[in-house]
Amino acid sequence: MKTGLKKKDWVLIMIIICVAWLTILVHIFIGGKGANRVIVKIEGAIQDTYNLSEEGEYEINGGTNVLLIRNGKASMLEADCPDQLCVHQKPIALNRESIICLPNKVVVEIESGTSREFDAVTR
Amino acid sequence: MRGRVAYFGVFTALALIFSYVETLIPFHFGIPGMKLGLANIIIVLVLYKLGVKEAYLLSVVRVLLSGFLFGNYFSILYSLAGGILSLSVMALLKRNGGFSVMGVSIAGGVFHNIGQLAVAMLVVETFSVIYYVPVLLVAGMVTGLLIGIAANEMLKRLVNLNM
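Chains as they are written, first to last, in the numbering used here: chain A, 1391 to 1513; chain B, 8 to 170.
Take a look at the structure:
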């Protein structure tokens, strides 16, 4: 099949795929297991912390967003912004994963809490 | 010169229409900010047919107009960062030579996403958005390739259009 792609195009495609793989590996390496805390940040400052294993619905940022925690996953149930990007986003459960509501400057993040020290002890 | 201005007007209108059509397509892959970027067909076309300066002008005009018409303050900020970074890289690759229209467009798609991600990182002051990088890279590559193929076909048919 004649694609019309030149040699440099293929090099570019390979570089992009390699960088993508590299960042995935870094994410897995840093991410790992032990994710158990849901952190709610507003304008970069930590506002609330929830347990990922406790199910529930929480109003955050004074009611502009509603956070849902269910089956060990966190997702945004409601937001008062027009684009609803954060509501449409898939639930998060892994370390460092996040849901971001830009208009309200809300970040929901997953963290491993104190599990690092805990792992060191049990090992 | 008059012909160029007229064509610029036509391209601006086309880019706006594409932006509008894009808002009608409900694209939700679970990844915020991911879209096809139909208007970029016109940007690539202008880059090849009219030149870098005109492409920059069209990029900014397009983002401002579509932002005020269909978007909000955030979408303007986002699109502007993505659009200008993407266009800069595309112009650089085109001048460098050795890349096809598809290659230039792929780089444009990828850097469009990187520009938007950078703005997101600044706005919410967190680095955890890094997690999106692989998805955005691959998404930018695929959409860039599709846009590049479309733009390439259009350029083939517009060979006789002299501006």
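Glycine included, C-beta positions come from ideal geometry on N, C-alpha and C. Source: prediction; values computed, not measured.
Inset, instruction - Under 7 Å between beta-carbons, which chain A residues line up against residue 107(B)? List them in chain order, please. - result: Taking the first residue of the second sequence as 1, we reach residue 107(B) at position 100. In chain order: 1394, 1395, 1396 and 1399.
Legend entry - Inter-stretch contact at 8 Å, needing at least 3 Cβ pairs: the region 1441-1460 of chain A / the region 44-57 of chain B: no
Inset, instruction - Measure how close the beta-carbons of residue 1429(A) and residue 1418(A) come, nearest whole angstrom, since I'm counting them as under 8 Å. - result: In the first sequence, residue 1429(A) corresponds to position 39, counting from 1. In the first sequence, residue 1418(A) corresponds to position 28, counting from 1. That pair is no contact at about 20 Å.
Legend entry - Proximal residues to residue 1497(A) (C-beta, below 7 Å), its chain only, five neighbours per side dropped: Taking the first sequence and counting its residues from 1, one reaches residue 1497(A) at position 107. Same-chain partners within the cutoff: 1431, 1488 and 1490.
Inset, instruction - Evaluate the contact criterion for the region 1398-1416 of chain A versus the region 141-161 of chain B: three or more CB pairs, one atom per stretch, below 8 Å. - result: yes
Legend entry - Option in 1471(A), 1396(A) and 1462(A) with minimal Cα separation from residue 1456(A): Mapped onto the first sequence, residue 1456(A) falls at position 66. Of the candidates 1471(A), 1396(A) and 1462(A), the one whose C-alpha sits nearest the C-alpha of residue 1456(A) is 1471(A).
Inset, instruction - Give the straight-line distance between the Cα atoms of residue 21(B) and residue 11(B), rounded to the nearest whole angstrom. - result: As a first step, residue 21(B) must be located in the second sequence, where it is residue number 14. As a first step, residue 11(B) must be located in the second sequence, where it is residue number 4. Cα-Cα distance, rounded: 15 Å.
Legend entry - 8 Å Cβ cutoff, residue 1452(A) in contact with chain B: Position 62 of the first sequence holds residue 1452(A). It does not; no Cβ of chain B falls within 8 Å.
Inset, instruction - Output yes if chain B places a C-beta closer than 8 Å to the C-beta of residue 1409(A); else output no. - result: The residue given as residue 1409(A) occupies position 19 in the first sequence. So yes, residue 1409(A) belongs to the interface.
Legend entry - Pairwise C-alpha distance: residue 1477(A) and residue 16(B): In the second sequence, residue 16(B) corresponds to position 9, counting from 1. In the first sequence, residue 1477(A) corresponds to position 87, counting from 1. Whole-angstrom Cα-Cα distance: 37 Å.
Inset, instruction - Taking residue 131(B) and residue 1495(A) to be in contact with their CB atoms under 8 Å, please state how far apart those CB atoms are, rounded to whole angstroms. - result: The count along the second sequence starts at 1 and reaches residue 131(B) at position 124. The count along the first sequence starts at 1 and reaches residue 1495(A) at position 105. With 8 Å as the limit, residue 131(B) and residue 1495(A) qualify as a contact, their Cβ atoms being about 6 Å apart.
Inset, instruction - Spatial neighbours of residue 1416(A) within its chain, please: CB distance less than 7 Å, with the 5 preceding and 5 following residues excluded, ordered by chain position. - result: On the first sequence, residue 1416(A) is found 26 positions in, with the first residue counted as 1. Result list for residue 1416(A): empty, nothing under 7 Å.
Inset, instruction - Could you tell me whether the Cβ atoms of residue 1459(A) and residue 1482(A) are closer together than 8 Å? - result: For the purposes of this step, residue 1459(A) is identified with residue 69 of the first sequence, where counting begins at 1. For the purposes of this step, residue 1482(A) is identified with residue 92 of the first sequence, where counting begins at 1. Contact flag unset, no.
Inset, instruction - Flag residue 47(B) as yes if its beta-carbon sits less than 8 Å from any beta-carbon of chain A, otherwise no. - result: Counting from 1 along the second sequence, the entry for residue 47(B) is found at position 40. No, its Cβ sits nowhere closer than 8 Å to a Cβ of chain A.
Inset, instruction - Reducing DSSP to helix, strand and coil, say where residue 1469(A) ends up. - result: As a first step, residue 1469(A) is located in the first sequence; it is residue number 79 there, counting from the start. Of the three classes helix, strand and coil, the one that applies to residue 1469(A) here is strand, per DSSP.
Inset, instruction - Give the residues from the region 62-82 of chain B that approach chain A closer than 7 Å (Cβ to any Cβ), ordered along the chain. - result: 79 and 81
Legend entry - chain B contact residues for residue 1446(A), given Cβ-Cβ distances below 9 Å: Residue 1446(A) sits at position 56 when you count from the first residue of the first sequence. Per Cβ cutoff of 9 Å: no residues; residue 1446(A) is ~22 Å from chain B at best.
Inset, instruction - Compute the beta-carbon to beta-carbon distance between residue 121(B) and residue 1402(A), rounded to the nearest angstrom, for a pair I have assumed lies under 8 Å. - result: The residue labelled residue 121(B) in the question sits at position 114 within the second sequence. The residue labelled residue 1402(A) in the question sits at position 12 within the first sequence. About 14 Å separates the two Cβ atoms, so there is no contact after all.
Inset, instruction - Check residue 1442(A) in the structure and name its three-state DSSP category. - result: Locating residue 1442(A) in the first sequence gives position 52, counting from the first residue. Of the three classes helix, strand and coil, the one that applies to residue 1442(A) here is coil, per DSSP.
Legend entry - Per-residue DSSP class, three states only, for residue 1488(A): To locate residue 1488(A), count along the first sequence from 1; it is residue 98. Residue 1488(A) falls in the strand class under three-state DSSP.
Legend entry - Ordered list of beta strand (DSSP E) runs contained in the region 1402-1436 of chain A, each at least 3 residues: 1427-1432
Legend entry - Interfacial residues, the region 100-129 of chain B to chain A, with Cβ spacing under 7 Å: 105, 106, 107, 109, 110, 113, 114, 117 and 127
Inset, instruction - Show which residues of chain A have a CB atom less than 7 Å away from the CB atom of residue 148(B). - result: Start at 1 with the first residue of the second sequence, and residue 148(B) comes out as number 141. Residues of chain A passing the Cβ test: 1403 and 1406.
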